[in-house]
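Colleague: Just dropping this structure here.
There are 2 protein chains.
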Amino acid sequence: MSNFAIAIHGGAGTILRIEMTPEKEKAYVGGLRESLQAGYGVLRDGGAAIDAVQAAVLSMEENPLFNAGKGAVFTHEGTHEQDACIMDGVTRNVGAIAAVRRIRNPILLARLVMDKSQHVLLCGEGAERFAVANGMTLVDDPKYFWTEHRWNQLQKALEKEKREAKANTRLDHSDDQDKIGTVGAVAVDQQGNLAAATSTGGMTNKRHGRIGDTPIIGAGTYADNRTCAVSATGVGEFIMRGVLAYDMAALMEYKRMSLIDAANLAVMEKLTALGGSGGVVAIDRDGHIAMPFNSEGMYRGFMLADGKIETAIFRE
Amino acid sequence: MSNFAIAIHGGAGTILRIEMTPEKEKAYVGGLRESLQAGYGVLRDGGAAIDAVQAAVLSMEENPLFNAGKGAVFTHEGTHEQDACIMDGVTRNVGAIAAVRRIRNPILLARLVMDKSQHVLLCGEGAERFAVANGMTLVDDPKYFWTEHRWNQLQKALEKEKREAKANTRLDHSDDQDKIGTVGAVAVDQQGNLAAATSTGGMTNKRHGRIGDTPIIGAGTYADNRTCAVSATGVGEFIMRGVLAYDMAALMEYKRMSLIDAANLAVMEKLTALGGSGGVVAIDRDGHIAMPFNSEGMYRGFMLADGKIETAIFRE
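What follows is the structure in structure tokens.
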């Protein structure tokens, strides 16, 4: 089988064309291509889908443009709390972490949980103790995660909150789109095995240990060789309530839908009906790729076995 | 519509007949009946399913026999970390909390998250800050959660771990059954609305901020008027990987299965095939009830509109 392929996203939301300069666009496209090539390299050399999605996500975690790892958004308290998940479609083994503060590459800790823990989801300081016990080094200086762009986003969010409190208007989800972002990857390897990985800093100004859909198996991340691999991005609360990623798998398995139809139904109709905004990247064993989103834009791209590479930000 | 009904579980696992004295059995049955009657009272008086499942779970949280609230199991560090989730089948609104340490009734905090937060899943100290900000009092003295029975379970688990470390045998899930437990309830009210609630102390000797299936929407808890309400119990890692509760809903919606068939397939075949041990209580809008489990026993019971009440522990 040589239909190997990888698809990635770098977050969905309100990405206004008017705010997108040619320089910015070039930087994002460059980041997406770098991530795709990292994953593609693994697949081309005969590596496993699980290693390819890890490599692709790792690349975006290291890139300050994306809301994961370096460049993650700030919490209400001005800290960073990151979530990540990785799932192997061969065995449905999975590792996930939530609300970790001092992990440079959350996706590597999620992988460590998958490989070395009898549990699948660890959170907070406990997850960090697990990291240390398994030889991972914690980030000493939280300044590592600091970026001017994200700091300004937090200040803007805090000011807006203050204005709303004065005006006594209730906070709602309507402007969440510009506060979010996630990175994710799905892949099928030369053996036809599937995998998915997702990583995120969550929402700007989030509080109270909020966990979104990213580390939730079946919501933000899912992979099963019998159906598909999915990584979601968007307002996590709605993605969780819709059990979005597993819903796609169920539509394929139980209703015999194609990947494309299942992705369109799950995102464009069902997520929209719930009032949620976001998108997915998804792949099946034949190398079909779906990348629907109902937000204004989604950083996304794919790379196929023959080396064909494509990226996009806005709706065509 | 007068087919209102409630079904509950108080955990599944290795419940050996030989260790069950008549006194113990009487106490458990008494606890189950008390919980059922608390939920039934709400339904009989025309209350909502969401309030009925909350009342039923609250009753078991207050009962030291069950692994939730008072009577919750100990973590590796000798503390208590509790998870809970509540979901309304009318709106699919949901509230969940994970790894909270000082909440007397986790199900009430989950409900508060559902009613008052723009988020659906909060964890750890952040969740406790949310509780305080919304007028909830924290448990001052963690001794409140201390029970001799659970303390002895932890000591036994720690000794076993030491022996295994010496013998250099890898920890596996084979004896998890006697370390776990969860409480949960599902109900249909006089309006035909569904709801589900689940609460747990997790696994004895758990570590590293482990989160199980209980607070995960679609894994341990799910409710949707179009299909069913489900609360699961068992080894959470497998229930999460199988997205058990939502899988039942998907089988009903997409394959037109009955509640009973969907529950049997999801638990007796699919969970068993994954290697997982546990069970569910589930209900549909017609008041059908399913309570399959593949473990040796499951504390369980139901109560119907006409006042008929039944409880059971072992397989009949």
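Sequence lines, in order, name chains A and B.
With numbering that gives the first Met the number 0, letter number 104 in the first sequence gets 103, and the count goes up by one each step, no holes.
With numbering that gives the first Met the number 0, letter number 112 in the second sequence gets 111, and the count goes up by one each step, no holes.
Backbone N, C-alpha and C define an ideal beta-carbon position, used for all residues, glycine too.
Please read all numbers here as calculations on a predicted model, not as lab measurements.
What residue range does the beta strand (DSSP E) around R299(A) cover?
Modeller: Note, R299(A): beta strand (DSSP E), 296-303.
Colleague: Return yes when the C-beta of V131(B) is under 6 Å from any heavy atom of the ligand NAP, and no when it is not.
Modeller: No copy of the ligand NAP occurs in the structure displayed, which carries no ligand at all.
Colleague: What residue from I5(A), G12(A), T146(A) has the CA that sits closest to T181(A)'s CA?
Modeller: Selected option, being the one with the closest Cα: G12(A).
Colleague: Does the beta carbon of R110(A) sit closer than 7 Å to a beta carbon anywhere in chain B?
Modeller: Chain B contact via Cβ: absent.
Colleague: Bridge partners for T220(A) per DSSP, in chain order?
Modeller: Answer by DSSP bridge pairing, in chain order: I216(A), S230(A).
Colleague: Can you find a CB in chain B that lies within less than 7 Å of the CB of H207(A)?
Modeller: Judged by the 7 Å Cβ criterion, H207(A) is in contact with chain B.
Colleague: Tell me, please, which residues DSSP counts as bridged to Q81(B).
Modeller: According to DSSP, which records beta bridges pairwise, Q81(B) is partnered with V99(B).
Colleague: Suppose contacts are defined by Cβ-Cβ distances below 7 Å. Is N104(A) in contact with G286(A) by that definition?
Modeller: No, they are not a contact pair.
Colleague: Mind pulling the beta strand (DSSP E) runs of 3 or more residues that sit fully within the segment 248-298 of chain A?
Modeller: DSSP runs (the beta strand (DSSP E)) wholly in the segment 248-298 of chain A: 277-282.
Colleague: At the level of alpha carbons, what is the spacing between E309(B) and D283(B)?
Modeller: Cα-Cα distance, rounded: 18 Å.
Colleague: Taking all protein chains shown into account, do 16 or more other C-beta atoms lie within 10 angstroms of the C-beta of Y298(B), making it buried, or fewer, making it exposed?
Modeller: Buried is the call here.
Colleague: Determine, using beta carbons only, whether H118(B) comes closer than 7 Å to chain A.
Modeller: True, the Cβ-Cβ gap to chain A drops below 7 Å.
Colleague: Output the distance between the C-alpha atoms of D171(B) and K165(B), rounded to the nearest integer angstrom.
Modeller: With a pLDDT of 48 at D171(B), under the threshold of 50, the modelled position of that residue is not reliable, and no figure is offered here.
Colleague: For a quick check, are the C-beta atoms of C122(B) and T213(B) less than 7 Å apart?
Modeller: No; because the gap between Cβ atoms is not below 7 Å, this pair is not in contact.
Colleague: What's the call for P291(B), buried or exposed, on a 16-neighbour Cβ count within 10 Å?
Modeller: The residue in question, P291(B), is buried, as its Cβ has 16 or more Cβ neighbours within 10 Å.
Colleague: What are the boundary residues of the alpha helix (DSSP H) that includes V131(B)?
Modeller: Here the alpha helix (DSSP H) through V131(B) covers 123-132.
Colleague: Relative to the C-alpha of I106(A), which candidate in F73(A), K69(A), T74(A), V89(A) has its C-alpha closest?
Modeller: If we check each option's Cα against that of I106(A), K69(A) comes out closest.
Colleague: Do G219(B) and T197(B) count as a contact pair if the criterion is CB distance below 7 Å?
Modeller: Yes, they are a contact pair.
Colleague: With 7 Å as the limit, tell me which residues of the segment 120-133 of chain A have their beta carbon closer than that to any beta carbon of chain B; keep them in chain order.
Modeller: Listed in sequence order: L120, L121, C122, G123, E124, G125, A126, R128, F129.
Colleague: Which same chain residues, not among the five before or five after A54(B), have their C-beta less than 6 Å away from its C-beta?
Modeller: Result list for A54(B): A37, G38, V41, in chain order.
Colleague: So, at 6 Å on beta carbons, what are the nonlocal neighbours of K23(A) in its own chain, with the 5 sequence-adjacent residues on each side left out?
Modeller: If we look at K23(A) and ignore the five residues flanking it on each side, it has no Cβ neighbours.
Colleague: In three-state DSSP terms, what is E315(A)?
Modeller: E315(A): coil per DSSP, three-state reduction.
Colleague: Comparing the C-beta of G12(A) with each C-beta of chain B, is any distance below 7 Å?
Modeller: For G12(A), the answer is no, since every Cβ of chain B falls outside 7 Å of its Cβ.
Colleague: Since M302(A) and L35(A) should fall inside the 8 Å C-beta cutoff, what is the C-beta to C-beta distance between them, to a whole number of angstroms?
Modeller: With 8 Å as the limit, M302(A) and L35(A) qualify as a contact, their Cβ atoms being about 4 Å apart.
Colleague: Output, in chain order, the set of chain A residues within a Cβ distance shorter than 8 Å of G219(B).
Modeller: Going along chain A, no residue has its Cβ under 8 Å from G219(B), so there is no contact; the nearest lies around 12 Å.
Colleague: Grab the span of the beta strand (DSSP E) containing L193(A) for me, first residue to last.
Modeller: Note, L193(A): beta strand (DSSP E), 193-199.
Colleague: Check whether the segment 235-243 of chain B and the segment 137-147 of chain A are in contact - that is, three or more C-beta pairs closer than 8 Å.
Modeller: The segment 235-243 of chain B, when compared against the segment 137-147 of chain A, does not touch it at the 8 Å Cβ threshold.
Colleague: Quick check: the segment 113-129 of chain B against the segment 245-264 of chain B, are at least 3 beta-carbon pairs closer than 8 Å?
Modeller: Result no; under three Cβ-Cβ pairs closer than 8 Å.
Colleague: Tell me which residue opens and which closes the alpha helix (DSSP H) that I106(B) is part of.
Modeller: 105-115 is the extent of the alpha helix (DSSP H) around I106(B).
Colleague: Are A228(A) and G29(A) close, meaning C-beta to C-beta below 7 Å?
Modeller: Their beta carbons are not under 7 Å apart, which means A228(A) does not touch G29(A) by this criterion.
Colleague: Would you kindly report the start and end of the unbroken alpha helix (DSSP H) that includes V52(A)?
Modeller: Start and end: 48-61.
Colleague: Quick one: using the 10 Å Cβ neighbour count with 16 as the cut-off for buried, is K142(B) buried or exposed?
Modeller: Its Cβ having fewer than 16 others within 10 Å, K142(B) is exposed.
Colleague: Applying a beta-carbon distance threshold of less than 8 Å, which residues of chain B neighbour E236(A)?
Modeller: Result: Q117, H118, V119.
Colleague: In terms of DSSP beta bridges, what is E309(B) paired with?
Modeller: The partner list for E309(B) (beta bridge, DSSP) reads F301(B).
Colleague: With a 10 Å radius around its C-beta and 16 neighbouring C-beta atoms as the bar for buried, classify T271(B) as buried or exposed.
Modeller: The residue in question, T271(B), is exposed, as its Cβ has fewer than 16 Cβ neighbours within 10 Å.
Colleague: Evaluate A97(B) with the Cβ neighbour count: other Cβ atoms within 10 Å of its Cβ, from every protein chain shown; 16 or more gives buried, anything less gives exposed.
Modeller: With 16 or more Cβ atoms within 10 Å of its Cβ, A97(B) is classed as buried.
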